[in-house]
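Numbering (my numbering), first residue to last: 3 to 570.
Pasting the structure below:
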């Protein structure tokens with residue numbers, strides 16, 4: 003599992019990580035970690051919404067450029083080093099894995115043509131595609147997979163994704179096109195971990211420090227698009243890979259415009275400077291409900307595997323007392339957030355899994371909005387207003403709290419403002435601080451220099467959340483950055499990943515949710531819907547349980563509707 007602090011759209015059907023930190027809640031990338039051994043269900047799509055102009059599909063044609071608004075600048079374009087959604091979104095069009103998801107969430111081959119799993123589930127043998135080449139012309143072989151695996155588990159590689167691959171007892175190259183892994187113990191997410199993370203170009207990285215490689219800024223892969231340029235703070239440009247093994251993409255060029263402010267991005271959409279972006283709830287419900295947008299764009303709304311939360315730095319002495327965390331939970335009205343900020347385009351969150359999935363426990367402890375209960379818990383913890391200034395204090399220290407989040411995420415800033423107002427009513431003075439995305443992650447989150455944060459996770463279909471909640475995952479650049487430690491949760495996380503039996507896994511994860519609901523290391527705030535808009539000249543988009551961009555290489559613009567022409 004890896005983190006989500008990002009923006010988002012539908013997943014491209016690749017597996018980049020189990021979790022990742024999301025930046026823009028309005029545009030959420032579906033991160034799906036799924037194992038065919040467990041049989042997972044997806045959130046209900048009953049509230050999915052698709053708006054399309056009344057036009058018939060026309061013949062596919064090569065050409066044109068798609069320009070997407072990117073809400074945060076990527077940090078690095080090597081998937082194994084990246085923590086953020088923006089980096090994985092771009093890298094996902096350049097790199098491939100051994101496996102990926104089809105539109106219906108079934109795990110299928112990508113660079114692997116097929117595989118066999120031993121009866122005990124401990125051995126996976128991958129048979130690789132033949133004749134596939136890196137975009138510099140060098141043939142892809144099993145050596146690249148083995149090299150990538152060894153790179154990830156190398157203690158010198160600063161990656162948050164190491165844990166899944168440390169479960170492998172032995173990895174071996176059987177021949178040029180066959181790669182085999184053997185696990186020490188049953189590992190439920192095993193097959194799905196072999197997505198894009200472990201496949202690296204050995205001929206370019208062998209003997210080099212991956213953190214200093216040019217590939218971080220100029221990636222080279224085998225995917226549908228080829229990296230062309232990165233202009234910091236402005237854009238990233240990809241060209242179509244005419245030799246892509248699944249077929250040349252119809253769209254010739256893919257440009258990511260880096261526009262952190264959603265209002266500015268929306269203006270760029272209106273003027274035609276970009277074709278594709280994630281909308282805020284206000285933009286989706288009102289600002290695009292016009293004749294112009296209905297005639298020129300398609301809007302998509304669908305549920306995704308994402309939630310946003312208020313997380314506490316548990317090294318802060320105040321938050322070591324769970325009564326403080328529970329009091330704050332009682333002071334926050336989640337329905338107010340869902341209705342007032344999301345315009346009803348989402349639902350309240352109650353834990354680290356989304357509703358309508360097999361692992362979701364609907365019966366965990368709930369914290370109803372109750373200011374008196376909040377005040378009572380604070381009083382029990384020793385916080386009272388001794389000087390009558392309206393701010394609680396203890397040992398001559400006023401209860402002042404800084405909530406941090408990222409610049410440009412207007413939804414989360416609005417949520418922070420509501421929380422600020424509600425906590426003032428129970429005597430907690432809140433200051434809101436926003437940071438540029440990379441600064442927020444690198445200087446605040448990774449270094450644990452925060453009191454409380456509003457962030458989000460993009461989670462997988464497989465419920466293994468070892469990397470977020472296990473007490474061993476609290477080091478810099480790891481995902482348990484709030485420093486949560488609970489021995490029973492550690493034990494249950496281990497049990498949940500060591501069996502293929504669905505009911506046994508469900509029992510473990512239901513209990514984890516009960517513990518988290520009582521401990522309140524996070525206040526789980528809301529599960530937002532994905533809200534996406536795309537210029538209607540793009541055709542071939544087929545909404546599915548996985549999202550919309552799983553078949554991006556098949557999107558096209560009919561010749562007579564093409565806007566941009568390639569120079570001869």
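All residues carry an ideal CB built from backbone N, CA and C; glycine is no exception.
Buried or exposed for residue i, please, with buried defined as at least 16 other CB atoms from any protein chain shown within 10 angstroms of its CB.
i           : result
residue 336 : buried
residue 87  : buried
residue 404 : exposed
residue 258 : buried
residue 467 : buried
residue 235 : exposed
residue 244 : exposed
residue 352 : buried
residue 459 : buried
residue 555 : buried
residue 330 : buried
residue 398 : exposed
residue 474 : exposed
residue 423 : exposed
residue 91  : buried
residue 288 : exposed
residue 529 : buried
residue 101 : buried
residue 195 : buried
residue 133 : exposed
residue 213 : exposed
residue 339 : buried
Once DSSP output is grouped into helix, strand and coil, what is the label at residue i?
i           : result
residue 406 : strand
residue 342 : helix
residue 556 : helix
residue 456 : strand
residue 515 : helix
residue 237 : strand
residue 435 : strand
residue 526 : strand
residue 108 : coil
residue 472 : coil
residue 491 : helix
residue 150 : helix
residue 294 : helix
residue 67  : strand
residue 423 : helix
residue 538 : coil
Could you give the distance in angstroms between the alpha-carbon of residue i and the alpha-carbon of residue j?
i           : j           : result
residue 187 : residue 124 : 7 Å
residue 500 : residue 490 : 16 Å
residue 442 : residue 553 : 33 Å
residue 572 : residue 535 : Any property of residue 572 remains undetermined from this structure, which presents the chain solely from 3 to 570.
residue 362 : residue 515 : 8 Å
residue 427 : residue 416 : 17 Å
residue 341 : residue 414 : 14 Å
residue 440 : residue 518 : 29 Å
residue 550 : residue 104 : 11 Å
residue 526 : residue 326 : 15 Å
residue 316 : residue 300 : 44 Å
residue 246 : residue 226 : 5 Å
residue 273 : residue 60  : 25 Å
residue 136 : residue 114 : 15 Å
residue 148 : residue 238 : 30 Å
residue 166 : residue 296 : 45 Å
residue 118 : residue 197 : 16 Å
residue 370 : residue 161 : 39 Å
residue 374 : residue 383 : 14 Å
residue 47  : residue 139 : Residue placement at residue 47 is poorly supported in this model, since its pLDDT is 40, which falls under 50; the coordinates still yield a value, given next. Cα-Cα distance, rounded: 42 Å.
residue 494 : residue 488 : 10 Å
residue 567 : residue 70  : 17 Å
residue 176 : residue 155 : 20 Å
residue 310 : residue 521 : 17 Å
residue 425 : residue 544 : 44 Å
residue 208 : residue 153 : 9 Å
residue 401 : residue 485 : 21 Å
If residue i and residue j are in contact, beta carbons under 8 Å, what's the gap, nearest whole angstrom?
i           : j           : result
residue 531 : residue 306 : 7 Å
residue 463 : residue 107 : 7 Å
residue 82  : residue 163 : 6 Å
residue 406 : residue 452 : 5 Å
residue 540 : residue 263 : In fact, because the Cβ distance is near 24 Å, the residues do not count as touching under 8 Å.
Counting pairs of Cβ atoms below 8 Å between the stretch 505-525 and the stretch 279-290, do you hit three or more? Segments in contact, no.
Whether or not the stretch 208-228 and the stretch 168-183 are in contact is what I'm after, with contact meaning three or more pairs of Cβ atoms, one per stretch, closer than 8 Å; do they touch? With a cut-off of 8 Å, the stretch 208-228 and the stretch 168-183 do not count as touching, because too few Cβ pairs lie within range.
Between the stretch 187-196 and the stretch 113-127, do three or more beta carbon pairs fall short of 8 Å? The way I'd put it, the stretch 187-196 does touch the stretch 113-127; three or more beta-carbon pairs between them come closer than 8 Å.
Cβ contact (3+ pairs, closer than 8 Å) linking the stretch 61-77 and the stretch 557-565: Taking one beta carbon from each stretch, the stretch 61-77 and the stretch 557-565 have 3 or more pairs nearer than 8 Å; the two touch.
Segment contact flag, the stretch 387-407 with the stretch 429-438, C-beta cutoff 8 Å, min 3 pairs: Inter-segment contact for the stretch 387-407 and the stretch 429-438 is present: three or more beta-carbon pairs are separated by less than 8 Å.
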